[in-house]
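Asker: Mapped onto my numbering, the consecutive letters of the sequence shown carry residue numbers 142 to 624.
Take a look at this one; I'll ask things after.
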Amino acid sequence: MNIQQSQIDIIAKIVAERLKSQDEVALSKGISSKSISTEGISKETVSSEGIFEDMDTAIEAAYQAQRTLFEKSLEFRKKITNAIKAELMLHVEELAMLAVKESGMGNVKDKIIKNTVAIEKTPSVEDLMSGVFTGDDGLTLLEYSPFGVIGAIAPSTNPSETVICNSIGMIAAGNAVVFCPHPGSYKTSNLAIKYINKAIKSVGGPANLVVTMLKPSMAAVETMMHHPLINMLCATGGPSVVKAVLESGKKAIGAGAGNPPVLVDETADIEKAARDIINGCSFDNNLPCIAEKEAIVVDEICDYLIFNMKQNGAYELTDKVLIQKLETLVFKSEGVLNREFVGKDAKYILDKIDISVGDEIKAIIMEADKDHPFVVEELMMPILPIVRVKDASEGIDLACKLEHGLRHTAMCHSKNIDVLTEMAHRIQTTIFVKNGPSYAGIGVGGEGFTTFTIAGPTGEGLTSAKSFTRRRRCVLVGGFNIK
Ligand code: NAD
């Protein structure tokens, strides 16, 4: 499936209407959709739906579940992932609303899109395409086998999306999963885990293929990272958690932070570039690690780009005093974000500096120096600094510098093939989007499957089922070559 921008707009409209009518029904009953329970999981669901009070017990249960799964066919794994997709599709609104309420970040409309994409576009067993060598000496198969039990750490920015996406890929590959969700969004992650187990049970799959803790703790994460029954770790989050799993001594996938730059040169379709950039940088209030975090713009077309950004929901700050005020607000100290503003919408942030705007404002833009903290730090807020450069060549140099070697994501709007090629070659990001919004890179309006675990540091790239497998060779000597 290829979700185009027009389809995203339609989904967004339907979602807005559904949420409005839901609120109207709810209001008539004296409740609001904002009053949705943040409990998510009650104590009664413990262990029957993959939720445990003790990490050792959870891991042992997952180990037994993986042994059962390993004896079943690939077709059965497909049946399980299909059931997960069907069940979770029933709960995207609930999960999106709970995530916003619990974490205080992002917006429901975009989280519904993110959850829907995670369900529809995460590949299952079809990702495990075997390889083969045949010749005079016979036939050799290259096969993908499960690791066993995987310990997965999930972020607060995609609490259910990561759980859905990782679970489908890891189970398709024949593994069981032990999740350690973020303390600030664990109820949302646990609710997704509960529905996943319900789905697995509905098709006769093993209980506890996906497990977690009733309450998260660093002690539980430590236990998981060093437990002998955990064969692989997969961390999705900031630098500290990636470092922690890489130091664990286990096979680890690290999907870390980014600071994605977008370059616009004088050959670009400026109206489209402005629209794409504002849509991308305001998607889920800039929480996605792939979202545009700073724009680098060739001087010649910069004024016209800013004009068009303002036509597409950007509010421009030009007063240096206000920009300074905003900086003081969103940073607690040098390089340390004030979490209160992470994932908040533009209207909320502007209100705190006494600027009142309507709901049509999706992003805050301002011109900034290339060393400004808004430019060099990963803000995860719909604040987009714009840095002028004299030409594309200077822009590529700067983009490479601002990406900090994270090898995560970058965008370029240009019709000059040489510029597009040079930037893609030099910046070496896992995702490079040409002439589109950042989310096209994870299959939203762009070709290809989706993932919510983009492993730049450890090189798996956009993870899918085969990222969670061991490559094995099976050699038959002297036979089955029919050339
Ligand atoms: P975070 O790093 O604060 O938390 C992520 C997870 O790691 C949580 O479950 C947390 O409890 C755990 N954790 C944090 N420090 C740890 C440590 N030292 N040892 C063990 N566990 C630890 O991240 P967040 O704020 O929830 O998410 C935002 C960050 O994640 C951003 O930097 C974003 O770019 C990144 N991210 C990356 C990807 C990707 O695919 N590359 C996807 C989503 C988010």
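The C-beta atom is built at its ideal place from N, Cα and C for all residues, glycine as well.
Please name the residue in I583, V290, S244 and P523 whose C-alpha comes closest to that of K391.
Answerer: Comparing Cα-Cα distances from K391 to each of I583, V290, S244 and P523, the minimum goes to V290.
Asker: Does the ligand NAD have even one heavy atom less than 7 Å from the beta-carbon of G390?
Answerer: False, no ligand heavy atom lies under 7 Å from that Cβ.
Asker: Indicate, with yes or no, if the ligand NAD has a heavy atom lying under 7 Å from the CB of G379.
Answerer: G379: yes, Cβ under 7 Å from the ligand NAD.
Asker: Under a three-way DSSP split, which group does V403 fall into?
Answerer: V403 falls in the strand class under three-state DSSP.
Asker: Going by alpha carbons, who is nearest to D440 out of V383, A533, V483 and V382?
Answerer: Among V383, A533, V483 and V382, the Cα nearest to that of D440 belongs to A533.
Asker: Is the beta carbon of E519 within less than 7 Å of some heavy atom of the ligand SAH?
Answerer: Absent from the structure shown: the ligand SAH. Ligands present: the ligand NAD.
Asker: Would you tell me roughly how many angstroms separate the C-alpha atoms of L387 and T408, rounded to the nearest one?
Answerer: Going from the Cα of L387 to the Cα of T408 covers about 42 Å.
Asker: Indicate whether A240 and S308 have their beta-carbon atoms separated by less than 8 Å.
Answerer: Cβ atoms of A240 and S308: not closer than 8 Å.
Asker: On the DSSP letters alone, give me the boundaries of the beta strand (DSSP E) that P300 sits inside.
Answerer: From DSSP, P300 is part of no beta strand (DSSP E) but of the alpha helix (DSSP H) over P300 to A313.
Asker: Within the chosen definition, does the stretch 311-327 reach the stretch 211-219 through at least 3 CB pairs nearer than 8 Å?
Answerer: Touching, per the Cβ criterion.
Asker: Should P322 be counted as a contact of the ligand NAD given a C-beta to heavy atom distance under 7 Å?
Answerer: Correct: P322 has its Cβ closer than 7 Å to the ligand NAD.
Asker: If you follow the beta strand (DSSP E) that F320 is part of, which residue opens it and which one closes it?
Answerer: F320 -> beta strand (DSSP E) spans A317 to C321.
Asker: I'd like the span of the beta strand (DSSP E) that includes I494, first residue to last.
Answerer: First-last for I494: undefined, no H or E at that position.
Asker: Check whether the Cβ of C375 sits closer than 7 Å to any heavy atom of the ligand NAD, and report yes or no.
Answerer: No; taking the cut-off as 7 Å, the Cβ of C375 has no heavy atom of the ligand NAD nearer than that.
Asker: What do you reckon, are the CB atoms on E632 and I537 nearer than 8 Å?
Answerer: Any answer about residue 632 is impossible in this case: the structure gives the chain only from 142 up to 624.
Asker: Assign V530 to one of three DSSP states: helix, strand, or coil.
Answerer: Three-state DSSP puts V530 in a strand.
Asker: Does the contact criterion of 3 or more C-beta pairs under 8 Å hold for the stretch 565-576 versus the stretch 593-601?
Answerer: A contact exists between the stretch 565-576 and the stretch 593-601.
Asker: For the beta strand (DSSP E) that H554 lies in, which residues bound it at each end?
Answerer: H554 -> beta strand (DSSP E) spans T550 to H554.
Asker: Using the Cα positions of T179 and Y445, report the straight-line distance between them to the nearest angstrom.
Answerer: Since pLDDT at T179 reaches only 41, below the 50 mark, its modelled position is unreliable, and no value is offered.
Asker: When you compare the stretch 249-259 with the stretch 343-361, are there three or more beta-carbon pairs, one atom per stretch, that lie closer than 8 Å?
Answerer: The stretch 249-259 is not in contact with the stretch 343-361.
Asker: Can you find the residues in the same chain that come closer than 6 Å, C-beta to C-beta, to K473, ignoring five residues on each side of it along the sequence?
Answerer: So the list reads N479, once near-sequence residues are dropped.
Asker: May I ask you to list the residues that DSSP assigns as paired with L374?
Answerer: Answer is G292 and A393.
Asker: I'd like to confirm the pairing. Which residues does DSSP put opposite V352 in its beta bridges?
Answerer: In the DSSP output, where bridge partners are listed per residue, V352 has V319.
Asker: Taking 7 Å as the cut-off, is the C-beta of T329 nearer than that to any heavy atom in the ligand NAD?
Answerer: No; taking the cut-off as 7 Å, the Cβ of T329 has no heavy atom of the ligand NAD nearer than that.
Asker: Can you find the residues in the same chain that come closer than 6 Å, C-beta to C-beta, to R416, ignoring five residues on each side of it along the sequence?
Answerer: So the list reads N453, once near-sequence residues are dropped.
Asker: Quick check: the Cα distance between N557 and G378, rounded to an integer number of angstroms?
Answerer: Going by the C-alpha atoms only, they are around 35 Å apart.
Asker: How would you label V618, buried or exposed, when you count the other beta carbons within 10 angstroms and need 16 or more for buried?
Answerer: V618 comes out exposed.
Asker: Counting C-beta neighbours from all protein chains within 10 Å, is the total for N622 16 or more, i.e. buried, or is it exposed?
Answerer: Exposed is the call here.
Asker: I'd like the span of the beta strand (DSSP E) that includes S244, first residue to last.
Answerer: S244 -> not in any beta strand (DSSP E); alpha helix (DSSP H) instead, spanning V233 to S244.
Asker: Does the separation of the CB atoms of A509 and A487 fall below 8 Å?
Answerer: No, they are not a contact pair.
Asker: Grab the span of the beta strand (DSSP E) containing A455 for me, first residue to last.
Answerer: From DSSP, the beta strand (DSSP E) with A455 extends over A455 to E457.
Asker: With distances taken between CB atoms, is the gap from T275 to K624 smaller than 8 Å?
Answerer: Contact flag set, yes.
Asker: Measure the alpha-carbon distance for T594 versus E235 and round it to whole angstroms.
Answerer: So the alpha carbons of these two residues sit roughly 22 Å apart.
Asker: Output the boundary residues of the alpha helix (DSSP H) element that contains F211.
Answerer: Per DSSP, F211 belongs to the alpha helix (DSSP H) from M196 to F211.
Asker: If you drop the 5 nearest sequence neighbours on each side, which residues of the same chain put their C-beta closer than 8 Å to that of P357?
Answerer: Around P357: C321, P322, H323, P324 and Y327.
Asker: From the DSSP output, in three-state form, read off V383 for me.
Answerer: Of the three classes helix, strand and coil, the one that applies to V383 here is helix, per DSSP.
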